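Single-structure report; data block below.
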Amino acid sequence: MRYYSTRNKNKMVSSMEAIIKGIAEDGGLFIPENIPALPEISKMLDLDYKNLAKLILGLYFDDYPEADLERAVEGAYGEKFQGDEPVKIQSRGGAHFLELFHGPTLAFKDMALTVLPFLMSSALQSKGIKEEVVILTATSGDTGKAALEGFRDVPGVNVVVFYPKDGVSSMQRLQMITQRGDNTHVVAIEGNFDDAQKGVKDIFGDVEYNSMLKERGYLLSSANSINIGRLVPQVVYYVYAYLKLLKEKKIDRNQEVNIVVPTGNFGNILAAYYAKEMGLPVDKLICASNENKILTDFFETGVYDKDRKLLLTSSPSMDILVSSNLERFLFHISGKDDSAISKMMEQLSEEGSFNWNDFSNEEVYGEYADEKEVAQSIGQLYDNEGYLMDPHTAVAYAVYKKYLKETGDKKPVILASTASPFKFPDKVIASIGKPVPEDIFKGMKIISDAMEVEIPPQVAELKELPTLHGKVCNKEEMKEVVLHLLQGGETDD
Ligand SMILES: *Cc1c(COP(=O)(O)O)cnc(C)c1O
Numbered sequence: 000m001r002y003y004s005t006r007n008k009n010k011m012v013s014s015m016e017a018i019i020k021g022i023a024e025d026g027g028l029f030i031p032e033n034i035p036a037l038p039e040i041s042k043m044l045d046l047d048y049k050n051l052a053k054l055i056l057g058l059y060f061d062d063y064p065e066a067d068l069e070r071a072v073e074g075a076y077g078e079k080f081q082g083d084e085p086v087k088i089q090s091r092g093g094a095h096f097l098e099l100f101h102g103p104t105l106a107f108k109d110m111a112l113t114v115l116p117f118l119m120s121s122a123l124q125s126k127g128i129k130e131e132v133v134i135l136t137a138t139s140g141d142t143g144k145a146a147l148e149g150f151r152d153v154p155g156v157n158v159v160v161f162y163p164k165d166g167v168s169s170m171q172r173l174q175m176i177t178q179r180g181d182n183t184h185v186v187a188i189e190g191n192f193d194d195a196q197k198g199v200k201d202i203f204g205d206v207e208y209n210s211m212l213k214e215r216g217y218l219l220s221s222a223n224s225i226n227i228g229r230l231v232p233q234v235v236y237y238v239y240a241y242l243k244l245l246k247e248k249k250i251d252r253n254q255e256v257n258i259v260v261p262t263g264n265f266g267n268i269l270a271a272y273y274a275k276e277m278g279l280p281v282d283k284l285i286c287a288s289n290e291n292k293i294l295t296d297f298f299e300t301g302v303y304d305k306d307r308k309l310l311l312t313s314s315p316s317m318d319i320l321v322s323s324n325l326e327r328f329l330f331h332i333s334g335k336d337d338s339a340i341s342k343m344m345e346q347l348s349e350e351g352s353f354n355w356n357d358f359s360n361e362e363v364y365g366e367y368a369d370e371k372e373v374a375q376s377i378g379q380l381y382d383n384e385g386y387l388m389d390p391h392t393a394v395a396y397a398v399y400k401k402y403l404k405e406t407g408d409k410k411p412v413i414l415a416s417t418a419s420p421f422k423f424p425d426k427v428i429a430s431i432g433k434p435v436p437e438d439i440f441k442g443m444k445i446i447s448d449a450m451e452v453e454i455p456p457q458v459a460e461l462k463e464l465p466t467l468h469g470k471v472c473n474k475e476e477m478k479e480v481v482l483h484l485l486q487g488g489e490t491d492d
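To convert, note that position 319 of the sequence shown is 318 in numbering that gives the first Met the number 0; the numbers rise steadily by one, no gaps.
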């Protein structure tokens, strides 16, 4: 299986090269030259999560030795996750909640970012890369922590994370500034997530800067969801969920399901699209946005217009205007028209918008939920079922309810539950009608009582950890800061 850029199909690379590079040199995203087919459902029914992951990774990453993929899934999906299997399914309120937050950082980013470091290390070794790799990451809150945790103390790798200073939740911030590991760096930027993401993309695109780094022995790579090494592991849990529902007789053989995904950068829902294209019986993909409803507007009109204010909501990991992975989806549904994609992306970058004339698609339904609807859905589901959702998941649930009302489509629904309520206690507490304490650890106690589960150790321990990363910079300074940090500069100055 080879990979090429969404903006130029002529230049092929192997999966190892695509994983090391992260993003193509022309700014496009790597795409497998064809989407492989899943084996028959009956052949997968007996696989546990690790073996299913190995199978699916093997279909895409066929230049990896089997032993490397084995090591990757064993290392990723073992004791780092709570429970027998890394994901759980809770059937509540008419939906099957696919809980993807039982990993080290309590958000779904762990599903891929526990595997990616293994894939990266094998690829570096196999390609004989001498340079140290710098994983450069922009985060809206959850990717940063998951990347730091995933790559912490991995030999030959440094991690540099930029997050928007006022654009993450207090828990997300706390998780990042207390990050341990000799190779981890965390910097707040004065700006929003799109500024951070653009800064990082600019660094990747700066040829001179990259060759200067290379002279000093460094090679940049990405842990953002543009890396194909993140997309593929995310396909696994949709297939797993389908098989599990089938085994539990909650769906019939070959019955189509709909999948609802709370969406920001379009990575998680794109993985669901890949699962469908691989042959999983999926009908609609329901793309749920928060008040930053640029995707809802796009799916309605075919116009993608980022010339609007980025709003800060209670689901910060979805406070995004430039959804990078949409480019991959558009590439596929355009019939792999790389020059059209190239043009649209250039327009987006230069004029702030693009217009896909007579856009239509059968796959994706876009809708959004506002802050009030999010609070209501958290409160109602808790009252009715005693089940708590985090605000991101609640966006998806509220949108699902709207979809149901509008279409009457009663197909079974898999709903991606992307974060633990412990990660966003304030909004959750307010939504179930309780006063929000100032102290976030008191807030966690309230969540713990409401859910009747212990506070997860990953967040309970934050109380005792010292702050190790306090650096703040302007978006213009990002290149300098990276250099400074790599040369052993203190994060805390
Ligand atoms: C990252 C994230 C999302 C959005 O996922 P995308 O792949 O960026 O669309 C949703 N919820 C949570 C909790 C996240 O961390």
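Cβ atoms here follow ideal geometry from the backbone N, Cα and C, with glycine treated the same way. Bear in mind that the values here come from a model prediction, so they are computed numbers and not experimental data.
So the candidates are Ser-90, Glu-32, Gly-77 and Glu-326; which of them puts its Cα closest to the Cα of Ser-348? Selected option, being the one with the closest Cα: Glu-326.
DSSP three-state label for Met-11, please. strand
Can you tell me whether Thr-466 is buried or exposed, with buried defined as 16 or more other CB within 10 angstroms of its CB? Exposed.
For Gln-81, collect the residues of the same chain with a Cβ closer than 6 Å to its Cβ; drop the 5 residues on either side in sequence, then sort them by chain order. His-101
Going by DSSP in three states, Gln-171 sits in which element: helix, strand or coil? Correct three-state label for Gln-171: helix.
Just checking Ser-316 against ligand 3 - is the residue's beta carbon closer than 7 Å to any of the ligand's heavy atoms? Judged by which ligands are present, ligand 3 is missing from the structure shown, whose ligands are ligand 1.
Within 8 Å of any Cβ in chain B, is that where the Cβ of Asp-165 sits? Protein chain content of the structure displayed is limited to a single chain, and chain B is not contained in it.
Which same chain residues, not among the five before or five after Met-43, have their C-beta less than 8 Å away from its C-beta? Leu-37, Leu-51, Leu-54, Val-238 and Leu-242
Rounded to the nearest angstrom, what separates Phe-203 and Leu-294 at their Cα positions? 25 Å
When you compare only the Cα positions, how much space is there between Thr-392 and Glu-214? Going from the Cα of Thr-392 to the Cα of Glu-214 covers about 45 Å.
Touching or not, the segment 124–137 and the segment 442–460, by the rule of three or more beta carbon pairs under 8 Å? no
In the DSSP assignment, find the alpha helix (DSSP H) that holds Leu-219 and state where it starts and stops. Not the alpha helix (DSSP H): Leu-219 falls in the beta strand (DSSP E), residues 217–221.
Of all the options Val-72, Asp-193 and Phe-60, which has the alpha carbon lying nearest to the alpha carbon of Arg-307? Asp-193
Would you grab the beta carbon distance between His-95 and Pro-390 for me? Rounded to a whole angstrom, and I think it's under 8 Å. Not confirmed; about 20 Å, so no contact.
Apart from the five residues just before and just after Gly-21, which ones in its own chain have a Cβ nearer than 6 Å to its Cβ? Ser-220, Ser-221 and Asn-226
With 16 other Cβ atoms within 10 Å as the buried cut-off, status of Ser-210: exposed
In chain order, what residues of the same chain lie with their CB nearer than 6 Å to the CB of Ile-413, ignoring the 5 residues before and after it? Here Ile-413 has His-95, Leu-97, Ala-240, Val-256 and Ile-258 as same chain residues with Cβ atoms under 6 Å from its own Cβ, once five neighbours each way along the sequence are excluded.
Would you check if the distance between the CB atom of Gly-365 and the CB atom of Glu-299 is smaller than 8 Å? Yes, the Cβ-Cβ distance between Gly-365 and Glu-299 is below 8 Å.
Could you check if Leu-464 is buried or exposed, using at least 16 other CB atoms within 10 Å of its CB as the buried criterion? exposed
Please give the ranges of any beta strand (DSSP E) in the segment 116–182, keeping only runs that are unbroken, at least 3 residues long and fully inside the region. Runs of the beta strand (DSSP E) inside the segment 116–182: 131–137 and 156–163.
At least 3 beta-carbon pairs within less than 8 Å: the segment 311–322 vs the segment 143–151: no
In this structure, how does DSSP classify Asp-492 when only helix, strand and coil are distinguished? Annotation note: pLDDT 44 at Asp-492 (below 50); position unreliable, coordinate value reported separately. Note: Asp-492 maps to coil in three-state DSSP.
Take the Cβ of Asn-191 as the centre, count every other Cβ of all protein chains shown within 10 Å, and call the residue buried at 16 or more, exposed below. buried
Leaving out five residues on either side along the sequence, give the residues of the same chain with a beta carbon under 8 Å from the beta carbon of Asp-492. A caution first: Asp-492 carries a pLDDT of 44, below 50, which makes its placement in the model unreliable, though a value can still be read off. Cβ neighbours of Asp-492 beyond the five flanking positions: Lys-470.
Per DSSP, which residues does Pro-261 bridge with? Please list them. Within the DSSP bridge table, the entry for Pro-261 names Ala-287 as partners.
Helix, strand or coil at Phe-330 according to DSSP, with G and I counted as helix: It is helical.
Could you tell me which of Phe-117, Ile-34 and Lys-444 sits nearest to Leu-279, measuring between CA atoms? Ile-34
Assign Ser-169 to buried or exposed, taking buried as 16 or more other Cβ atoms, counted over all protein chains shown, within 10 Å of its Cβ. exposed
Helix, strand or coil for Glu-361 per DSSP? coil
Could you pull the DSSP bridge partners for Glu-98 from this structure? Lys-87 and Ser-416
Can you check whether the CB of Val-234 is closer than 8 Å to the CB of Ala-287? no
In three-state terms, what does DSSP make of Pro-64? coil
Leaving out the 5 sequence neighbours to the left and right, which residues in its chain are closer than 6 Å to Glu-137 when beta-carbon positions are compared? Before going further, note that residue 137 is Ala rather than Glu in the sequence given. So the qualifying residues of the chain are Phe-161, Ala-195, Gln-196 and Val-199.
Pick from Asn-264, Lys-283, Gly-216 and Tyr-273: whose alpha carbon is nearest that of Gln-254? Lys-283
If you drop the 5 nearest sequence neighbours on each side, which residues of the same chain put their C-beta closer than 6 Å to that of Phe-297? Shown here for Phe-297: same chain residues with a beta carbon closer than 6 Å to its own, the five before and five after excluded, namely Tyr-303 in chain order.
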